[in-house]
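The structure appears below as structure tokens.
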Amino acid sequence: MRTLGYGSAVRLIACREDERVFHGKENSDGDFFYFYSCLFFDMHLRLPFIEFQIDVLRTLNVAPSQLHPNSWGYIQAFVVMVRPWLFGLQLLYFYNSLGHALMLGEVGYL
Numbered sequence: 001m002r003t004l005g006y007g008s009a010v011r012l013i014a015c016r017e018d019e020r021v022f023h024g025k026e027n028s029d030g031d032f033f034y035f036y037s038c039l040f041f042d043m044h045l046r047l048p049f050i051e052f053q054i055d056v057l058r059t060l061n062v063a064p065s066q067l068h069p070n071s072w073g074y075i076q077a078f079v080v081m082v083r084p085w086l087f088g089l090q091l092l093y094f095y096n097s098l099g100h101a102l103m104l105g106e107v108g109y110l
């Protein structure tokens, strides 16, 4: 994470065998969250999020760590696909590319 420029803001520590990603803060003094490291290394997700990513998370009413890496991959692919056309990263285009299944609640993998 240091090479990505987040060394002072993000600390990457491997989970112990008895830890799970759904554990709460418990008695920890500092603020933290669990996240899949492959998102930063393989899918080139960067902090802070761009406005489009924030809009998607707000619309879905989820925290960044609640999305499966495949869902992040879809979001990242959409960002890469529309960036050259410069027509703006609108939620409408994103949801139209997903089809109506998401709007009808038929997609459960997000």
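Numbering (the UniProt record's numbering), first residue to last: 1 to 110.
Using N, Cα and C, we set each Cβ at its ideal position, and we do this for glycine too.
Values in this document were obtained by computation on a predicted structure and should not be read as measured data.
Per-residue DSSP class, three states only, for residue i
i, result
"residue 71", "helix"
"residue 40", "helix"
"residue 32", "coil"
"residue 77", "helix"
"residue 48", "coil"
Other residues of its chain near residue i: CB distance less than 6 Å, five sequence neighbours each side excluded
i, result
"residue 35", "65"
"residue 81", "none"
Same chain only: Cβ atoms within 8 Å of residue i, ignoring 5 sequence neighbours per side
i, result
"residue 69", "36, 38, 39 and 43"
Reference residue i, options the options, closest by Cα
i, options, result
"residue 76", "63, 60, 59 and 50", "50"
Cβ separation of residue i and residue j, assumed to be a contact under 8 Å, to the nearest whole Å
i, j, result
"residue 47", "residue 72", "So it is not a contact: roughly 13 Å between Cβ atoms."
Residues near residue i in its chain [Cβ-Cβ closer than 7 Å; skip 5 each side]
i, result
"residue 53", "75"
"residue 110", "At residue 110, the pLDDT of 49 sits below 50, so the modelled position is not reliable; the number obtained from the coordinates is stated separately. Same-chain partners within the cutoff: 60, 67 and 71."
"residue 83", "none"
Residue interval of the alpha helix (DSSP H) (run including residue i)
i, result
"residue 58", "51 to 60"
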